[in-house]
Amino acid sequence: MTRRIVIAFLALGAWIAGSTLGVAGPPPQPAEARPLLQIGAAHADYVPAIDGSDPIFILLLGSDARPGESVDGARTDSIHLVGINPAKHRAAVVGFPRDSWVEIPGLGSQKINTALFYGGPDLVVATVENLTGIRIDYWALTSFDGIKAMVNGVGGLVIDVPLPMYDSASGSNFDPGRQRLDGRDVLSFSRDRHSLPTGDFGRSENQGQVVVAALAKFRKEFASDPSRLFTWVAAGLRNVQTAVPLDQVLSLAFTCTTIDPERVENIVLPGSTGSAGGSSVVLLSSQAEAIFADMRADGLVATKNLPPSPNGLRD
Amino acid sequence: MVSATGEGWLLTQSPPGTLVRVLAEGRHRPIPERRLSPAVWIVLAALVGLGLVLFLVLRGGNGGGTGILDGEDDTIPAFDFQVVKTVPISVTAADAKRLAGIAEAVAGPVTDTMTLLYTAAFLDPANWRDGSYEELWPLFDGGSQAAAQQEGDTLTLGTTAGDRFEKVDLPKGKLTVKVLLDEADEPATAVAIVTFQAVATGSDGTDTLIVSTGQYFLRETSQGWLVYSFSVSRDDQTNVSEPSPSTIPVAT
C-alpha cells in the first residue's frame with residue numbers, strides 16, 4: 275500500500291511539475307530566425323557644454339623653447355586668443371603677430387613675444403588683457419615637442435596647406451592642398467614663415483589653421499566615439515602647461531564639441547611693419563581695436579571687421 | 621432552541637431537560653468510526669497540491685506579484701552587465717599597466733550604476749508597464765537629468781511600453797569602461813561604452829529585440845557614480861527569434 279502511495283505521489287508530482295512548467299516557462303522559440311525588421315531607430319544625447327551667452331576666452335601660447343630649454347622662460351612664437359560663444363556655437367581664433375609692439379605691464383613697450391620670457395604665462399595674459407580689454411579665462415602653453423606629441427597623440431591632423439611651402443629652417447616640404455600631417459609635419463607647417471609672402475602674418479594664420487583643424491577632427495571623432503574625448507584631453511594635458519583644473523578642461527572639451535569648425539573665424543591682427551627700439555616690429559592697425567571691441571561683446575568677430583587673409587584663405 | 625439574552629442562556633420551545641441532559645451526559649452518543657481509503661487520501665493530497673500550485677502560478681508566486689490571471693508578470697529578469705575591458709587613460713605619461721588596478725576598481729561601481737540604469741529603464745515591469753521611470757532619473761547628475769527625461773523614449777522602453785508589451789526577458793549586456801585619471805592618478809571621470817539587448821514580447825506574441833548602444837560619461841558624487849553625459853542609440857528590431865550569445869556586439 276505504502277509503495278503504491280509513493281508511486282502515486284511521484285506520478286502526481288511529475289504531472290504537476292510538467293503542467294506548471296508548460297504554463298510558466300519560456301515560450302517556445304521558433305525553429306529559425308525570421309528576417310529582422312528595424313522598427314525603432316532613435317538617438318539621444320546630452321553634452322554638458324558651458325551654456326549661456328557669456329563668451330569664453332582662452333589664450334593659446336606656443337613657446338620657441340628648444341628641447342631641454344625652459345618652456346616658459348623663452349619667447350612665444352605663437353599667440354592666439356580664442357573666443358568661444360557657446361550660445362551661438364561659434365568661435366574666433368585671433369593671431370597676434372609675434373613682433374607686435376605693445377605695452378607690457380611693468381615693462382613698457384616691447385615686442386609681445388618677450389612677455390613670456392619676462393613674466394611667464396601670467397604676464398602674457400596681463401599683456402593681452404591690457405591690449406584688448408578682454409578678460410582671459412584660461413591659458414595653455416606648449417612647446418615644439420609638445421605640439422609634435424599632441425598631434426601624434428591624436429593620430430595626426432588633416433591640414434589644407436594654402437601655398438607651396440619648402441623651407442629647410444623649419445623643415446617644411448609641402449605641396450598645396452589637403453593632406454594628413456603627423457606631429458613633426460604640423461610643427462614644420464606651424465613654424466615656417468620663410469615660404470610665405472606675408473612672413474609671420476601668414477605663419478600666424480597657419481597656426482590658427484592647425485587649431486581649427488584640431489577642432490574639426492576632435493568634433494568628428496567625438497561624434498562617432500565620444501570616449502575619444504579622454505584621448506584628446508590626455509594628449510593635450512600631457513603636453514601643455516596650464517592652470518586649468520581637469521574638471522574645467524573637460525567642461526571646455528565638451529563645449530568644443532558644440533562648436534562648428536566651419537563657423538570659426540581664423541584671423542590675424544592686421545598691422546604694418548615698422549621700427550621701434552632699434553628693431554623691426556609690427557605696429558597693429560586701428561582695425562585691431564574694432565576686432566577687440568567685437569570680441570569683448572560676444573567673443574566673435576563681425577564679418578565687416580574681418581581683416582584680409584595673409585595667405586589668401588578667404589579670397 | 622437556544623437564544624441569548626443579557627441575563628444568560630434560556631431554553632425556549634425545547635423539550636424540557638434536553639440541553640441539561642446533554643450537558644450532564646458530557647457528550648452525544650458515540651458516532652460510528654469511519655476509515656478513509658488510501659486512494660481517497662491520495663486524491664485529496666493531489667487536489668490540495670494542485671490547488672496550491674495553480675494558486676501560485678495563476679496569481680503570481682514571487683512576492684505578491686500579479687500572475688497569469690491578470691496577464692502580467694512582475695518578475696524582474698536577472699541581469700548584470702559583463703565588463704569586457706577596462707582602459708585607464710592618464711593625463712600624465714604614467715605606465716598604463718600600473719594604472720590598470722585603479723581603473724578596474726572604478727569599473728565595479730560604474731558597472732553597478734549601468735546595471736541599475738538598464739534594469740530600471742528596460743527590465744522592471746513596475747516601471748515599463750506604467751511608462752513611469754522615476755527611479756531612473758536620480759542616476760543622472762546635473763543637467764543630464766532633465767535631458768534624460770526629455771529623451772525618455774530612447775533611453776527607456778518608453779512611456780507606452782505597457783500597451784505594447786506583455787513581457788521583457790532575455791537581457792544581455794556588455795560594456796567597456798574607460799577611466800580618465802588625473803595628474804595624481806586619481807580617477808576623474810569614466811565612460812561606459814554599452815551594448816544591451818532584451819526581448820520584449822507583445823500581446824500578440826510578436827517578439828521585439830530591444831537594442832540599445834551608447835556611451836555614458838560618469839563621475840563620482842556623494843550618491844555614487846552618476847551619469848552626466850550620454851550618447852545613446854536605439855535600434856529595435858522585430859520578428860526575431862531568441863538572440864544567440866554571438867549576436868550581441870562587443871563593446872569596444
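These protein sequence lines are chains A and B, in that order. The first sequence begins at 275 in the numbering used here and counts up one residue at a time. The second sequence begins at 621 in the numbering used here and counts up one residue at a time. Note that beta-carbon positions come from the ideal geometry of N, C-alpha and C, so glycine has one too. A quick note: this is a predicted structure, and the numbers were derived from the prediction, not measured.
Which residue's Cα is closest to the Cα of residue 710 (chain B): A:520, A:447 and A:477?
A:520
Can you check whether the C-beta of residue 327 (chain A) is within less than 8 Å of a C-beta belonging to chain B?
no
Going along chain E, which residues have a C-beta under 9 Å from residue 753 (chain B)?
Going by chain labels, chain E is absent from the structure shown, which instead holds the protein chains A and B.
Where the region 440-461 of chain A meets chain B: residues whose CB sits under 7 Å from a CB there:
none
For residue 374 (chain A), which residues does DSSP report across the bridge?
A:556
Closest by CA to residue 770 (chain B), which one among A:490, A:537, A:317 and A:550?
A:317
Chain A residues whose Cβ lies nearer than 9 Å to that of residue 737 (chain B):
Near residue 737 (chain B) there are no residues of chain A at all, since even the closest Cβ is about 13 Å away, more than 9 Å.
With a cut-off of 8 Å, does the C-beta of residue 823 (chain B) fall near any C-beta of chain A?
no
Leaving out five residues on either side along the sequence, give the residues of the same chain with a beta carbon under 6 Å from the beta carbon of residue 812 (chain B).
730, 734, 795, 797 and 836
Backbone secondary structure at residue 857 (chain B) - three-state DSSP:
strand
Chain B within 8 Å of residue 505 (chain A), Cβ atoms only:
yes
Do you know how far the Cα of residue 500 (chain A) is from the Cα of residue 315 (chain A)?
19 Å
Within 8 Å (strictly less), CB to CB, does residue 319 (chain A) reach chain B?
yes
Among B:662, B:723, B:699 and B:697, which residue has its Cα nearest to the Cα of residue 799 (chain B)?
B:723
Helix, strand or coil for residue 820 (chain B) per DSSP?
strand
Excluding sequence positions up to five away, which residues of its chain have a Cβ less than 6 Å from the Cβ of residue 776 (chain B)?
741 and 753
Considering only heavy atoms of the ligand COA, does any lie closer than 7 Å to the CB of residue 578 (chain A)?
In terms of ligand content, the structure shown is empty, and the ligand COA therefore cannot be addressed.
Measuring only the C-alpha atoms, how far is residue 367 (chain A) from residue 808 (chain B)?
29 Å
Where residue 607 (chain B) falls, given that 16 or more other Cβ within 10 Å makes a residue buried:
In the structure as shown, chain B begins at 621 and stops at 872. Residue 607 (chain B) is therefore absent and cannot be evaluated.
Cβ-Cβ separation, residue 774 (chain B) to residue 852 (chain B) (assumed contact under 8 Å), whole Å:
6 Å
When we look at the beta-carbon of residue 642 (chain B) and count the other beta-carbons within 10 Å, is it buried (16 or more) or exposed?
At residue 642 (chain B) the pLDDT is 34, less than 50, meaning the model places this residue with poor confidence and gives no usable figure here.
Pick helix, strand or coil for residue 753 (chain B), following the three-state DSSP scheme.
coil
Check the DSSP bridge columns for residue 330 (chain A) and list the partner residues they point to.
A:358
Neighbour-count burial assignment, residue 306 (chain A), 16 or more Cβ in a 10 Å radius
Unreliable placement is indicated for residue 306 (chain A), whose pLDDT of 43 sits below 50; the coordinate value is still reported in the next sentence. Under this definition residue 306 (chain A) is an exposed residue.
Contacts around residue 439 (chain A), its chain only, beta-carbon distance under 6 Å, and the 5 residues preceding and following it disregarded:
446, 448, 466 and 469
Buried/exposed call for residue 360 (chain A), threshold 16 Cβ in 10 Å:
buried
Residues that residue 508 (chain A) contacts on chain B, provided the C-beta gap is smaller than 9 Å:
709, 710, 711, 712, 800 and 801
Opposing strand residues paired with residue 827 (chain B) [DSSP bridges]
B:821
Taking only beta-carbon atoms, is residue 726 (chain B) less than 8 Å away from chain A?
no
Quick one: measure Cβ to Cβ for residue 407 (chain A) and residue 570 (chain A), integer angstroms, because I've assumed they're closer than 8 Å.
6 Å
When the cut-off is 8 Å and only beta carbons count, does residue 487 (chain A) lie next to chain B?
no
Quick check: what's the CA-CA separation for residue 661 (chain B) versus residue 757 (chain B)?
56 Å
Pick from B:739, B:708 and B:714: whose alpha carbon is nearest that of residue 701 (chain B)?
B:739
Sequence ranges, beta strand (DSSP E) only - wholly within the region 759-809 of chain B, length at least 3:
785-801
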